[in-house]
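Here the structure comes first, spelled out in structure tokens, and everything after it is commentary.
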Amino acid sequence: MREDEYTEFKRTTAELNEAMISISSMLNKHRQGRIYFGLKNDGTPYKFTITGSTIRDVSRKIFESIRPQIVPTVGTEVIEGNEVIVVDVHGEDVPYSAFGKYYVRTADEDRELTPGELRKIMVGQEYAENWENRTSNDTITDVDAKTLENFARAAVQCGRMPDYGQDSRTILSKLGLLNGDSLTNAGKFLFSKNHPVVLKMAVFATEHKETFLDIAREEGNIFQLIDAAVGYIIKNIRWRVEMEGDGIHRKEIPEIPIDALREAVVNSFAHARYDIPVRHEIDIFSDRIAIINPGPFANEFEPIEFVNRDLHSYLRNETIAHVLYLCKDIEAFGSGIRKIYALCEQNSVKIRYTNMEKAFTLEFSRVDRNKTSLFGQKYGKINGYINDPVNKLEQEVLSRLRADPGLTIAELAIRTGKSPRTITRVLSALKGKELIVRDGSNKTGYWEVR
């Protein structure tokens, strides 16, 4: 046994003040903790006299020192033949102070919270306590019937929700999404027909936000926008075709696993903050796909730690996450990040995340064809020859054809702002570089981007 973020050792009750600081830090970090009196730092027993008044002194000190007040469990146990005092503490009303100051646990040490860290905890706790259950300005008449019907059908079919029939009030009440005739905030954002959430989506020609190939804006409820986001990504990523074992049937394979992308999209809506003016975004660049949600990552741990360790997942929007779980949009709490990383590792897709105060971004890598030749080599010398790089207009045409292979020369001219003659010349150059092939006739065919 050793000290860690959940456990602290003290030799005797002469260290009560230090123990109070440890209680504050563990509660603020993990909402729970354990203190031993009668153990050295290395976990070996340190014998001291324990009486009934000793245990009362510990309880009284906690009552006087920790704010808001908690009800600890104080008892004794025998370790290696020596009696020690064991104090277990739990509390959800973070932040907790000791002697008027606030602390946080780092490994087996306690440090005082900075003003910024304290403010972040307070704002987050206020959001968690109040936002989902507050009464919204939408009523039961504002529910999108189709969204609710689709949810209920899926939840019943997968066995995670009993069949409550088709009455909207009954279903919403069972989910805890009604206050009288009014929807809670969670109910509004999940099922309202009044477009409570905004989603911005775009495809860019390069790895920078410079040239738009496509831009879209959707408004709707969470369920509608999950479908819109996933559909937009599927439409704009690259697919390769492989032959089945029979040599007859073909199988289409996406450059990034669709299950990983959908899991990331669902997580972004499940764990977002909905009380700050930041929009959900899907940004498709030439070298990556970025999924952005309002609010920072909703845990004190880094996302990668959930891949390597079995950690408790803190739910920013517990009600929303529960509803998504019922219809199987969320498989199991705390498993989403691990699933995303596992799927991407199997398909050699790299993942990167950026955690900021007002937004969290998860990025999936993709091959940047603006910088890669047909043979997967970066532009440069190949067998003694030098490949001509693809210029900016050619990059734009390539990206537009990837997004919509059926575009005609006239349509490409309109979208790029160039003349049909210029587009014809660009297409000829791309064919010469073996980057595109025309499949079918000029009237009914399409462009295959390699």
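Sequence positions in the sequence shown follow the working numbering and run 387 to 836.
Cβ atoms here follow ideal geometry from the backbone N, Cα and C, with glycine treated the same way.
Bear in mind the structure is a predicted one, so any value in this text is a computation, not a measurement.
Residue pairing from DSSP places Phe395 in a beta bridge opposite Tyr422. Segment contact: the segment 610-618 against the segment 650-664, three or more CB-CB distances shorter than 8 Å; contact assigned. Here Gly818 carries a helix assignment [DSSP, helix/strand/coil].
Residue state for Val464 is assigned as strand, using DSSP reduced to three classes. Distance check between Ala650 and each of Val616, Val542, Arg520, Leu413 places Val616 closest, using alpha-carbon atoms only. Beta-bridge pairing by DSSP links Lys579 to no other residue.
In the three-state DSSP reduction, Asp645 falls in the helix class (H, G or I). When DSSP assignments are scanned along the segment 448-510, the uninterrupted stretches of beta strand (DSSP E) that are 3 or more residues long and fall wholly within it turn out to be 459-465, 468-476, 487-492, 495-498. In the DSSP assignment, Ser522 falls within the beta strand (DSSP E) that extends over 521-525. Within the same chain, Ala658, Arg659 come within 6 Å of Gly681 by CB-CB distance, once the 5 residues on both sides are set aside. By the 16-neighbour rule on beta-carbons within 10 angstroms, Lys396 is buried. Pairing Glu717 with Ala707, the inter-Cα distance amounts to about 10 Å.
The beta-carbon separation of Ile526 and Ser554, rounded to 6 Å, stays under the 8 Å limit for a contact. Nearest Cα to Leu647 within the set Arg724, Ala572, Asn703: Arg724. Taking C-beta atoms as the reference points, Leu576 and Val460 fail to come closer than 8 Å. Burial state of Cys713 is buried, judged by a 10 Å Cβ sphere holding 16 or more other Cβ atoms. Beyond the five residues adjoining it in sequence on each side, Ile601 comes within less than 6 Å, by CB distance, of Ala588 in the same chain, given in chain order. In this structure, Asp790 is the residue among Thr808, Glu820, Lys736, Asp790 with its C-alpha nearest to the C-alpha of Gly831. Between the segment 566-575 and the segment 749-756, the count of Cβ pairs shorter than 8 Å is below three; the stretches do not touch.
In this structure, the CA atom of Pro501 is about 11 Å from the CA atom of Tyr489. Three or more beta-carbon pairs separated by less than 8 Å link the segment 425-437 to the segment 459-476, which places the two stretches in contact.
No Cβ-Cβ contact shorter than 8 Å links Thr399 with Val464. Residue pairing for Asp390: DSSP places it in a beta bridge opposite Thr393. Rounded to whole angstroms, the gap between the alpha carbons of Ala531 and Ala538 is 11 Å. When only Cα atoms are considered, Lys447 and Gly419 end up about 16 Å apart. Spatial neighbours of Leu402 in its own chain (CB-CB distance under 6 Å, excluding positions within 5 residues in sequence) are listed in chain order as Lys447. When Glu596, Gln543, Asn523 are compared, the shortest CA-CA separation from Ser578 is found for Asn523.
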